[in-house]
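So that you can map any letter, position 31 of the sequence shown is 40 in our numbering, and since no number is skipped, the others follow by simple counting.
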Amino acid sequence: MEFRDFSLLATDTKVAEFAEGLARGELLASKCSSCGELQYPPRSDCPKCYGDTFEWVPLSRSGALVTYTTIYVAPEHFAPDLSKTAPFSRYSYKPLPVGLLELENGLRVMGWIRGVPDGSIQVGMKLVASPEVLDDGRATVVLEEEAEEK
Ligand SMILES: [Zn+2]
10 MEFRDFSLLA TDTKVAEFAE GLARGELLAS KCSSCGELQY PPRSDCPKCY
60 GDTFEWVPLS RSGALVTYTT IYVAPEHFAP DLSKTAPFSR YSYKPLPVGL
110 LELENGLRVM GWIRGVPDGS IQVGMKLVAS PEVLDDGRAT VVLEEEAEEK
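What follows is the structure, encoded as structure tokens:
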């Protein structure tokens with residue numbers, strides 16, 4: 010049986026710049042050239058006015074956690090830490106919380122929650138979304154607590 014790789018490696022799309030932006034450490038939304046509607050994840054065609062041209066806009070990364078869940082068998086890709094694997098398996102069996110962050114502009118960003126102690130994740134808590142490049146060169150998004158200001 011052959012398993013196909015449905016990853017973000019597709020480059021023949023108008024929104025390929027999104028994945029390239031992640032690899033550069035940028036979190037990008039699409040902004041419709043006609044009506045200004047922001048979309049995240051970016052969309053090549055505007056669902057509001059059906060315009061087909063857009064520009065890239067970097068997002069502010071702070072937001073509030075809307076919801077979350079915990080995955081115990083991490084996907085092979087898009088997981089930030091796959092170092093602890095079970096014997097005879099390339100999958101991770103540790104808790105990997107994933108959450109949905111609502112940014113200040115109302116857009117929602119999904120990402121892996123990292124650095125928040127077990128049992129301390131709460132809906133409404135402030136987190137920051139950051140792109141991260143994995144060991145295999147693919148990019149993902151990580152949600153972490155904001156560094157405390159001194
Ligand atoms: Zn539009």
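For every residue, glycine included, the Cβ atom is placed at its ideal position computed from N, Cα and C. All figures in this text were calculated on a predicted structure; none of them were measured in a lab.
With a cut-off of 8 Å on Cβ pairs, the stretch 19 to 35 is in contact with the stretch 133 to 150, counting three or more such pairs. For E46, the shortest separation between its Cβ and any heavy atom of ligand 1 lies below 7 Å.
Counting only unbroken stretches of 3 or more residues, the beta strand (DSSP E) elements lying wholly within the stretch 22 to 70 are 37 to 41 and 63 to 67, in sequence order. DSSP, read as helix, strand or coil, puts V75 in strand. For K135, the enclosing beta strand (DSSP E) begins and ends at K135 to V142. Taking 8 Å as the upper bound for CB-CB distance, P106 and Y77 are in contact here, some 6 Å apart. Judged by the Cβ position, K23 fails to qualify as a neighbour of ligand 1 at the 7 Å threshold, every heavy atom of the ligand being at least this far.
Assigned with DSSP and collapsed to three states, P126 falls in coil, not helix or strand. When DSSP reads this structure, R147 sits in no beta bridge, so it has no partner. The continuous beta strand (DSSP E) containing E111 extends over residues L105 to L112. Nearest neighbour of S139 by Cα position, chosen from Q131, K103, P104 and I122, turns out to be I122. DSSP, reduced to helix, strand and coil, places G115 outside both helices and strands of the structure shown, so it counts as coil. Between L112 and L74, the CB-CB gap reaches or exceeds 8 Å.
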